[in-house]
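Reading through the structure tokens given below for one structure.
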Amino acid sequence: MSNWIIAAIFYTFIICWSFGFIHRFRSTVTGTIAMISPMANGMIAGLGSGTIIGAGFSSNIFLSLLISVLTGILAGGITGSLIHIGAFLNGALSGMMAGLMGAMLIVMLPSSEWNRVIFIFMVACGFLQFVHTLMLQGQIEESILKRSPWIFSTPSLMFLAITALIILYSTSCSPGTLNQNNKHPNHSMMNMK
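All the letters of the sequence shown, read from the start, carry residue numbers 0 to 192 under numbering that gives the first Met the number 0.
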């Protein structure tokens, strides 16, 4: 359970950084980037919250789907609302879809696979967020970017935070959780009544 808290911190950091960057430089984030950023935030938050919340509330599928979908809608929608109404819709709808997919995926898998799937999504979303960071920073003039705080001016913070949290997650999992091989695992859907 403590490793799921690390995963929640991971996704919270990603979303807060992206929101802060877009809020600070919203006048210069335009065009296609203005549509991609809320979508990326919504998808990352939706998948992340979907996997974590789906595992945490696996006994109540409706509640896990509802919370995951709302988290994705809020993350993508709030980020998009800083830009314009089209970006709001793009972010909210992609967050809704990703939250639904993340929660459904976890609920369909056996509980022995949850930590592995959460880890895989952390690695994939961390890579995508790093690319998103480079894309956002590439939109800003270098002179403006150099005058901004270090948290926004260099991709180093994002790289270090993503790497540290992924390593922390993988070491906090009990031994064998990320690479176990069960021949007949219990399936979470089989125990439902």
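Each residue gets a CB set at the ideal place from its N, CA and C atoms; glycine is no exception.
All of these numbers come straight from a predicted model, not from anything done at the bench.
Under 7 angstroms between C-beta atoms of residue i and residue j
{"i": "glycine 101", "j": "glycine 90", "result": "no"}
{"i": "histidine 131", "j": "alanine 33", "result": "no"}
{"i": "glycine 45", "j": "glycine 71", "result": "yes"}
{"i": "methionine 121", "j": "isoleucine 165", "result": "yes"}
{"i": "phenylalanine 12", "j": "isoleucine 139", "result": "no"}
{"i": "phenylalanine 20", "j": "leucine 135", "result": "yes"}
{"i": "serine 57", "j": "valine 106", "result": "yes"}
{"i": "valine 68", "j": "glycine 98", "result": "yes"}
{"i": "proline 37", "j": "alanine 7", "result": "no"}
{"i": "leucine 159", "j": "serine 152", "result": "no"}
{"i": "isoleucine 14", "j": "tyrosine 168", "result": "no"}
Assigned secondary structure, residue i (DSSP; H/G/I helix, E/B strand, else coil)
{"i": "leucine 108", "result": "coil"}
{"i": "proline 154", "result": "coil"}
{"i": "phenylalanine 56", "result": "coil"}
{"i": "cysteine 172", "result": "coil"}
{"i": "lysine 182", "result": "Unreliable positioning characterises lysine 182 in this predicted model, as indicated by a pLDDT of 48, which lies under 50. A coordinate reading is not provided."}
{"i": "threonine 50", "result": "helix"}
{"i": "isoleucine 82", "result": "coil"}
{"i": "threonine 29", "result": "coil"}
Extent of the continuous alpha helix (DSSP H) to which residue i belongs
{"i": "valine 122", "result": "113-137"}
{"i": "cysteine 15", "result": "1-23"}
{"i": "leucine 144", "result": "141-146"}
Cβ-based burial, residue i [other Cβ within 10 Å; buried from 16]
{"i": "threonine 50", "result": "buried"}
{"i": "asparagine 59", "result": "exposed"}
{"i": "isoleucine 119", "result": "exposed"}
{"i": "threonine 162", "result": "exposed"}
{"i": "threonine 29", "result": "exposed"}
{"i": "glycine 137", "result": "exposed"}
{"i": "threonine 31", "result": "exposed"}
{"i": "leucine 81", "result": "buried"}
{"i": "serine 142", "result": "exposed"}
CB-CB length for residue i against residue j, believed under 8 angstroms
{"i": "glycine 41", "j": "glycine 94", "result": "3 angstroms"}
{"i": "proline 148", "j": "phenylalanine 129", "result": "The Cβ separation is near 19 angstroms, so there is no contact."}
{"i": "tryptophan 16", "j": "methionine 157", "result": "7 angstroms"}
{"i": "serine 171", "j": "serine 1", "result": "6 angstroms"}
{"i": "isoleucine 43", "j": "leucine 108", "result": "Going by Cβ atoms, the distance from isoleucine 43 to leucine 108 rounds to 20 angstroms, so no, they are not a contact pair."}
{"i": "phenylalanine 18", "j": "isoleucine 77", "result": "7 angstroms"}
Test: residue i CB closer than 7 angstroms to a CB of chain C
{"i": "isoleucine 43", "result": "Absent from the structure is chain C; it holds one protein chain and no more."}
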